[in-house]
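Novice: Convert by adding 502 to the 1-based position in the sequence shown; the result is the number in the working numbering.
Starting off with a structure, shown below.
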Amino acid sequence: LFLDDRYFRQPNKNQVEQEKYAHWGQKQHEWIFENLMHDDTPTWLFNGNQMFSGVNLSYKESFQDDDPVHFNLFIEEMKKVKAPVVLASGDIHFSEIMKVPASNFGYETYELTSSSMHSYTGTGWDNPLRLPNAFTKEFNFMMVTSESENSGLKINVEAWGLSDKPYFAQKLEVKR
503 LFLDDRYFRQ PNKNQVEQEK YAHWGQKQHE WIFENLMHDD TPTWLFNGNQ
553 MFSGVNLSYK ESFQDDDPVH FNLFIEEMKK VKAPVVLASG DIHFSEIMKV
603 PASNFGYETY ELTSSSMHSY TGTGWDNPLR LPNAFTKEFN FMMVTSESEN
653 SGLKINVEAW GLSDKPYFAQ KLEVKR
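Here it is, written out as structure tokens:
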């Protein structure tokens, strides 16, 4: 599911009052869960900025840090979804893979963040959710293949750029 995290979004951080559907708007939020609740197929959610932050930094955008009321509603509803979900995002000027702990959705999953290929590169930051050896600040893009198997997903990820070999490669598995 490809999500629009700009059109309905309220301004980031320091709001006097958090709106319940501040990140995606109510209509899109309901559409996401109508799709997820009525299908037991493993699903990818694609969002422009990161969903999980890993680390709260004042200058970094993420669903979790910018819209915590909506993010907490998202987490509670994700626990009711039967099929596994994997997250994909961008917009942080480096690429990484975060492991999302089972305490969030009821099973372990991942957030793949692919950035930057056409913008400036950032220096990055320490992220306790990041998988070891799953980070690059070089200009890059991710090549991802995923296969549905036994109600789960087997995923191969490689981050490529100007080098003649991947900056990193990971084999992941997600099961509910």
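Note that CB positions come from ideal geometry on N, CA and C, so glycine has one too.
Roughly how many whole angstroms lie between the Cα atoms of Lys581 and Thr638?
Specialist: 31 Å
Novice: Could you spell out the range, first to last residue, of the alpha helix (DSSP H) harbouring Trp662?
Specialist: Premise fails: Trp662 lies in the beta strand (DSSP E), 654 to 662, not in any alpha helix (DSSP H).
Novice: Given a cut-off of 8 Å on the beta-carbon distance, is the pair Phe596 and Ser617 in contact?
Specialist: yes
Novice: Excluding sequence positions up to five away, which residues of its chain have a Cβ less than 6 Å from the Cβ of Glu521?
Specialist: Gln512
Novice: Looking only at its own chain, which residues have a Cβ that is under 6 Å from the Cβ of Gly550, when we skip the five neighbours before and after it?
Specialist: Asp507, Asp593
Novice: With DSSP collapsed to three states, give me the class of Leu575.
Specialist: helix
Novice: When you compare the stretch 568 to 578 with the stretch 609 to 626, are there three or more beta-carbon pairs, one atom per stretch, that lie closer than 8 Å?
Specialist: Not touching, per the Cβ criterion.
Novice: May I ask you to report which of helix, strand or coil DSSP gives Phe554?
Specialist: Here DSSP, grouped into helix, strand and coil, assigns Phe554 to coil.
Novice: Run through DSSP, which three-state label would Leu503 get?
Specialist: coil
Novice: Just the Cα atoms here: how many angstroms apart are Asn658 and Ser560?
Specialist: Rounded to the nearest whole angstrom, the CA to CA distance from Asn658 to Ser560 is 32 Å.
Novice: Given that a residue counts as buried once 16 or more other Cβ atoms are within 10 Å of its Cβ, and exposed if not, what is Ala604?
Specialist: exposed
Novice: Cα separation between Ile599 and Thr543?
Specialist: 22 Å
Novice: Should Phe573 go down as buried or exposed, given a rule of 16 or more other Cβ atoms within 10 Å for buried?
Specialist: Buried, by the Cβ-count rule.
Novice: Select from Trp533, Lys677, Glu640 the residue whose C-alpha is nearest the C-alpha of Ala661.
Specialist: Residue Glu640 is the option with its Cα nearest to Ala661.
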